[in-house]
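Residue numbers (our numbering): 9 to 392.
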């Protein structure tokens, strides 16, 4: 029986999406993009990622390997507005159906750029709020407060982040907890190998943190807690993985507190999950958060968590189930919670089991399925 070859022109056109982000450094929001890239349906979506800062490009190769092409808009500082002209040129020469905005300042400008385009090539805009509204600089809050109503859809990564929005914006924003690739994270764990590499004894109790060297991560709080633990002779070693603008200040405080033998600053590591797997627990000292990727990764590899009760952290951590929550900016409370887990191995094991069991809530496949549904609806002209 003869069949007529399918005409490629009859195949449905892939929905064209452009992600816009400030940079592709190893931050939480950027790593969420990498996790999502690996699960988007390539036969249905053609995704490109544009970023502003060429010196923040560490994750670009990973996106490219996952089928998401990258374009650098090439400015040394986001305030150099020339990137907006380059974005407009990109949208004219390579039109897209959806412009998905992921950073607050670029989001505000990106919406205005989209509005200058002829209707026949004007993309619909979507925005994901990755942090609390109050964490943005005032100009970004003003700009987004004015322009967010232009979006076809707005998302927030946690209920707590959503709750910080002005009511008129919160009413139009959907909470969609962004997740991680649980299988990929699990495959990266190498506790014995990582311990050998780091020179850790098999019986040494280790807590780790992964957080960029920025003010919101409150490293002075963590280092003060480490000093308290050292003064109490609590046998715990702390590993720090991170990089960022406060590197020199954090290292200076580390030295001032005399923590060389108790706290190891590893700096930037591309194998942060592997390093975490060498630990017995995870600690987060932030005073402001959305829903940290490193926190979800810690749960996925079965680490009990001691964290400050800020942002969306309480949506992931329940005291007594998979960790302990403490007040922000309270190094004594942070030290107390870590000490309890160091000195009680049975409790540590129980919370580790709870951590692994709770990680399923953060499966990236669920997130991607919802985002793709939004892309389809928006590309068809619906206003969500």
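Ideal Cβ placement from N, Cα and C applies to all residues, glycine included.
Item                                                                                                                : Value
From 304, 117, 253, 107, residue whose alpha carbon lies closest to that of residue 362                             : 304
Counted within 10 angstroms of its Cβ, other Cβ atoms place residue 313 as buried (16 or more) or exposed           : buried
Beta-carbon gap between residue 170 and residue 183 smaller than 8 Å                                                : yes
Environment of residue 168 [buried if 16+ CB atoms lie within 10 Å]                                                 : buried
DSSP-derived helix/strand/coil call for residue 327                                                                 : strand
Simplified DSSP state of residue 315, which is helix, strand or coil                                                : strand
Nearest neighbour of residue 66, chosen from 85, 46, 39, 49 [CA to CA]                                              : 39
Check whether residue 58 and residue 74 have beta carbons under 8 Å apart                                           : no
Other residues of its chain near residue 34: CB distance less than 6 Å, five sequence neighbours each side excluded : 66
Burial state of residue 131, where buried means 16 or more other Cβ atoms lie within 10 Å                           : buried
Pairwise C-alpha distance: residue 172 and residue 142                                                              : 7 Å
Length of the line joining the Cα atoms of residue 365 and residue 280                                              : 21 Å
Residue 343 CB to nearest heavy atom of the ligand NAD below 7 Å                                                    : The model depicted lacks the ligand NAD and carries no ligand whatsoever.
Check whether residue 272 and residue 236 have beta carbons under 8 Å apart                                         : no
Residue span of the beta strand (DSSP E) that contains residue 133, given as start and end                          : 132 to 137
Terminal residues of the alpha helix (DSSP H) in which residue 164 lies                                             : No alpha helix (DSSP H) holds residue 164; the beta strand (DSSP E) holding it covers 161 to 164.
Residues near residue 90 by beta carbon distance below 7 Å, same chain, minus five either side                      : 83
Residue range of the beta strand (DSSP E) that includes residue 275                                                 : 271 to 275
Three-state secondary structure assigned by DSSP to residue 33                                                      : coil
CA nearest to the CA of residue 122, picked from 155, 146, 147, 148                                                 : 155
Same chain, Cβ closer than 6 Å to residue 60, five either side skipped, listed in chain order                       : 30, 81, 83, 86, 91
At least 3 beta-carbon pairs within less than 8 Å: the region 255 to 269 vs the region 176 to 194                   : no
Euclidean distance between Cα positions of residue 321 and residue 293                                              : 11 Å
Contact check, residue 110 vs residue 41, beta carbons under 8 Å                                                    : yes
Option in 233, 241, 283 with minimal Cα separation from residue 265                                                 : 233
Spatially closest choice to residue 212 from 224, 269, 250, 161, by CA coordinates                                  : 269
Whole-Å CB distance - residue 133 paired with residue 107, under 8 Å assumed                                        : 5 Å
Close beta carbons around residue 344, own chain, < 8 Å, minus the five adjacent residues each side                 : 334
Integer Cβ distance of residue 216 from residue 318, believed to fall under 8 Å                                     : That belief does not hold up - the Cβ atoms of residue 216 and residue 318 are roughly 19 Å apart, past 8 Å.
Among 311, 338, 347, the one whose alpha carbon lies nearest that of residue 331                                    : 311
Contacting residues, own chain, Cβ-Cβ under 7 Å from residue 286 (five flanking each side not counted)              : 199, 202, 203, 206, 208, 214
Outcome for residue 101 when other beta-carbon atoms lying within 10 angstroms are tallied against a minimum of 16  : exposed
Element boundaries [alpha helix (DSSP H), containing residue 365]                                                   : 353 to 366
Minimum length 4: unbroken alpha helix (DSSP H) runs contained in the region 138 to 225                             : 146 to 155, 167 to 171, 175 to 178, 190 to 196, 199 to 206
Nearest neighbour of residue 224, chosen from 189, 210, 145 [CA to CA]                                              : 145
Bounding residues of the beta strand (DSSP E) (the contiguous stretch that carries residue 375)                     : Looking at the DSSP string, residue 375 is not in any beta strand (DSSP E); the run it does join, the alpha helix (DSSP H), is 372 to 387.
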